[in-house]
Amino acid sequence: MKFIKVVMALMLLVTLGACGSEDATALEAIEYNKQYESLSFSNLDIPVHVEEIDGITYADGVLIVNKEIPLPNDYNPGLQAETEEAYLQMFEDAAAEGLSFELVSGFRSYNYQAELYNNYVARDGKEAADKYSAEPGHSEHQTGLAIDVGSYDSAVLLQTSFEYTPEFEWLSEHAHEYGFIIRYLKGKEDITGYMYEPWHLRYVGDKATDIKESGLTLEEYFDLL
Ligand SMILES: [Zn+2]
Numbered sequence: 015m016k017f018i019k020v021v022m023a024l025m026l027l028v029t030l031g032a033c034g035s036e037d038a039t040a041l042e043a044i045e046y047n048k049q050y051e052s053l054s055f056s057n058l059d060i061p062v063h064v065e066e067i068d069g070i071t072y073a074d075g076v077l078i079v080n081k082e083i084p085l086p087n088d089y090n091p092g093l094q095a096e097t098e099e100a101y102l103q104m105f106e107d108a109a110a111e112g113l114s115f116e117l118v119s120g121f122r123s124y125n126y127q128a129e130l131y132n133n134y135v136a137r138d139g140k141e142a143a144d145k146y147s148a149e150p151g152h153s154e155h156q157t158g159l160a161i162d163v164g165s166y167d168s169a170v171l172l173q174t175s176f177e178y179t180p181e182f183e184w185l186s187e188h189a190h191e192y193g194f195i196i197r198y199l200k201g202k203e204d205i206t207g208y209m210y211e212p213w214h215l216r217y218v219g220d221k222a223t224d225i226k227e228s229g230l231t232l233e234e235y236f237d238l239l
């Protein structure tokens, strides 16, 4: 949130600098900008509204699931309609530009996640498994708002090297236009608790552009740390 405030304050300063200082001395312009800056800071300092409804946590209306915040075991919505519509449209528009996407994973129930997670722990141990898999009740895939995407053309399904494909380049530029963000960012592993997952997209609707431009994880963006 702080980052956003600084950026907005800078934008105000640039705007004011561009239109307000033509006839003023440099000093006057600086004084004026300072006043405006402190005003904008207090006005923009709006707290995030976090609430829990039926065991589900929302930050400003956006459903939140992470290593700390779970979903109820019986939350079983399937892939949500808005997620499905958004990804189908996204895939169609990408196809028109010659890119081929596949849905690798969509909704996963609590029980299915438990099965996956337990298999990973048995294979790699808990510490390693926790970096790439969620404990049951903590997977974003149980929200019905997360998808894993890939491309058989590039043949790198669910591997970090997906980031070097033309498909990922396209996603980086356009996913937010469809309401998706890349949820587990590179360099943010300590915050999300997950390895970088360029293939994992989370539907957040009309907040996607703002979140993407902030460069923040959902946890940072909504001050949940
Ligand atoms: Zn995923």
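Anchor point for the sequence shown: position 103 equals 117 in this note's numbering, and the numbering is continuous, going up by one each time. Beta carbons: idealized from backbone N, C-alpha and C, even for Gly.
Beta carbon of residue 162: closer than 6 Å to some heavy atom of ligand 1? yes
Length of the line joining the Cα atoms of residue 54 and residue 61: Because residue 54 sits at a pLDDT of 37, beneath the cut-off of 50, its placement in the model cannot be relied upon, and the following sentence gives the value as read from the coordinates. Spanning the two alpha carbons is a distance of roughly 15 Å.
8 Å contact criterion, which residue 197 and residue 232 should meet: CB distance rounded: 7 Å
Is residue 152 near ligand 1, with its Cβ less than 6 Å from a heavy atom? no
Roughly how many angstroms lie between the CA atoms of residue 106 and residue 115, to the nearest whole one? Near 9 Å, if we compare the C-alpha coordinates of residue 115 and residue 106.
Could you give the distance in angstroms between the alpha-carbon of residue 149 and the alpha-carbon of residue 159? 17 Å
Per-residue burial, residue 200 [other beta carbons within 10 Å of its own, 16 or more giving buried]: exposed
Residue ranges of each alpha helix (DSSP H) within the stretch 149 to 224, 4 or longer: 180 to 188 and 203 to 206
Are the CB atoms of residue 138 and residue 213 within a distance shorter than 7 Å? No, Cβ-Cβ distance for residue 213 and residue 138 is not below 7 Å.
Considering only the alpha carbon of each residue, which of 226, 98, 124 and 100 lies closest to residue 187? 226
With respect to the alpha helix (DSSP H) encompassing residue 106, which residues constitute its N-terminal and C-terminal limits? 95 to 110
Going by Cα to Cα distance, which pick from 215, 206 and 210 is closest to residue 235? 206
Provide the residue span of the alpha helix (DSSP H) that contains residue 232, from first to last. 232 to 235
Is DSSP giving residue 79 helix, strand or coil here? coil
Is residue 214 near ligand 1, in the sense that its beta carbon is under 6 Å from a heavy atom of that ligand? yes
Helix, strand or coil at residue 72 according to DSSP, with G and I counted as helix: strand
Residue 62 by DSSP, collapsed to three states: which one? Here residue 62 sits in coil by DSSP.
Segment contact flag, the stretch 87 to 105 with the stretch 151 to 158, C-beta cutoff 8 Å, min 3 pairs: With a cut-off of 8 Å, the stretch 151 to 158 and the stretch 87 to 105 count as touching, because enough Cβ pairs lie within range.
Can you tell me where the beta strand (DSSP E) holding residue 117 begins and where it ends? 116 to 119
Residue from 141, 147 and 220 whose Cα sits closest to the Cα of residue 122: 147
Go ahead and label residue 221 buried or exposed: buried means 16 or more other beta carbons lie within 10 angstroms of its beta carbon, across all protein chains shown. buried
Can you tell me which of 144, 101 and 216 puts its alpha carbon nearest to the alpha carbon of residue 82? 144
Thinking C-alpha only, which one of 181, 64, 193 and 92 is nearest residue 125? When each option's Cα is compared against that of residue 125, the closest is 92.
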